[in-house]
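Written below as structure tokens is the structure these notes are about.
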Amino acid sequence: INGWDYASSYKASRFYMLDAVNKYDSLELLIDLHRDSINKNLSTVDINGKKYAKVLFVVGLDHNNYEPNLTLANTLNEKIKEKYPGLSRGIMKKKGAGVNGIYNQDVAGHVILIECGGMENNIEEVMNTVEVLSIIISEHLGGQNESGG
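Be aware that the sequence shown starts at 38, since it is given in this note's numbering, and climbs by one per residue.
Below is the structure:
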């Protein structure tokens with residue numbers, strides 16, 4: 038409609054993110070979920086006989102909300118590493134010329150971008166990972182609520 042190319046994807050998703058934030062002021066977490074372009078041998082892990090799509094957190098550093106978003110990514114990443122060793126590929130920090138560096142994470146201090154698997158992962162591997170993510174995130178948010186956060 039707007040004549041935007043793929044590089045303008047964040048302009049389009051920003052509209053929906055801002056709309057959600059404006060409608061629901063109680064949102065505690067905004068998640069931007071992607072798949073990576075890496076091959077299956079790098080994007081898949083077997084944990085106790087079950088295959089998962091590996092996760093990678095991406096944090097843009099070219100905005101004022103990067104510190105709370107980086108802290109959030111670190112917290113979730115550590116929980117995943119503790120409970121599901123090998124599932125996380127870690128945290129990629131992006132800034133500077135030639136990269137986005139923002140990823141709409143400037144909207145709030147509780148925005149995470151997660152790369153879940155790659156182009157060759159199947160739906161079962163991705164869903165196994167989404168289940169893990171939902172548990173980790175639920176525990177994190179539940180822990181915040183219990184402590185008044």
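No residue lacks a Cβ here, since even glycine has one placed at the ideal position from N, Cα and C.
Q: Counting only the same chain and skipping the five closest in sequence on each side, list residues whose C-beta sits under 7 angstroms from that of N76.
A: For N76, where only same-chain residues beyond five positions count, the Cβ hits under 7 angstroms are G155, E157.
Q) For I172, does the three-state DSSP call read helix, strand or coil? A) Helix.
Q) For A90, which residues of its own chain have a beta-carbon under 7 angstroms away from its beta-carbon, when the five flanking residues on both sides are left out? A) Closer than 7 angstroms at Cβ, skipping near neighbours: S80, T81, C153, G154, N158, E162, V163, T166.
Q: Within 10 angstroms of the Cβ of S184, are there 16 or more other Cβ atoms? Answer buried if so, exposed if not.
A: Interpretation of S184 is limited by its pLDDT of 44, a score under 50 that renders its predicted location unreliable; the figure taken from the coordinates is listed afterwards. It counts as exposed.
Q.
Is the beta carbon of D83 closer than 7 angstroms to that of L150?
A. Contact: no.
Q: May I have a chain-ordered list of the alpha helix (DSSP H) segments no shorter than 4 residues that lie completely inside the region 40-107?
A: Qualifying alpha helix (DSSP H) stretches, in chain order: 46-60, 77-80.
Q. Looking only at its own chain, which residues have a Cβ that is under 7 angstroms from the Cβ of K48, when we skip the five neighbours before and after it?
A. Excluding residues up to 5 positions away in sequence, W41 lie with their Cβ nearer than 7 angstroms to the Cβ of K48 in the same chain.
(Q) Taking CB distances under 7 angstroms as the criterion, tell me whether N165 reaches chain D. (A) Included in the structure is just one protein chain, with no chain D present.
**Q.** For G127, the three-state DSSP class (helix, strand or coil)
**A.** The answer is strand: DSSP assigns G127 an E or B state.
Q) Ordered along the chain, which non-local residues of its own chain (more than five positions away) have a Cβ less than 6 angstroms from that of S125? A) V92, N114, I117, K118, listed in sequence order.
Q | Range of the contiguous beta strand (DSSP E) that encloses I151 | A | Looking at the DSSP string, the run of the beta strand (DSSP E) that includes I151 is 148-153.
Q: Can you say whether F4 is buried or exposed, counting buried as having 16 or more other CB atoms within 10 angstroms of its CB?
A: Within the shown structure, residues of the chain are numbered from 38 to 186, placing residue 4 beyond reach of any answer.
Q | Of the listed residues K120, L55, Y103, M54, nearest to K132 (C-alpha basis) | A | The shortest Cα separation from K132 among K120, L55, Y103, M54 belongs to Y103.
Q. If we call anything under 7 angstroms between Cβ atoms a contact, is H177 one with I139?
A. Cβ distance not < 7 angstroms, so H177 and I139 don't count as in contact.
Q) Quick one: Cα of S50 to Cα of A145, how far? A) CA-to-CA, the gap between S50 and A145 works out to about 14 angstroms.
Q. Which same chain residues, not among the five before or five after L64, have their C-beta less than 7 angstroms away from its C-beta?
A. Cβ neighbours of L64 beyond the five flanking positions: A57, V58.
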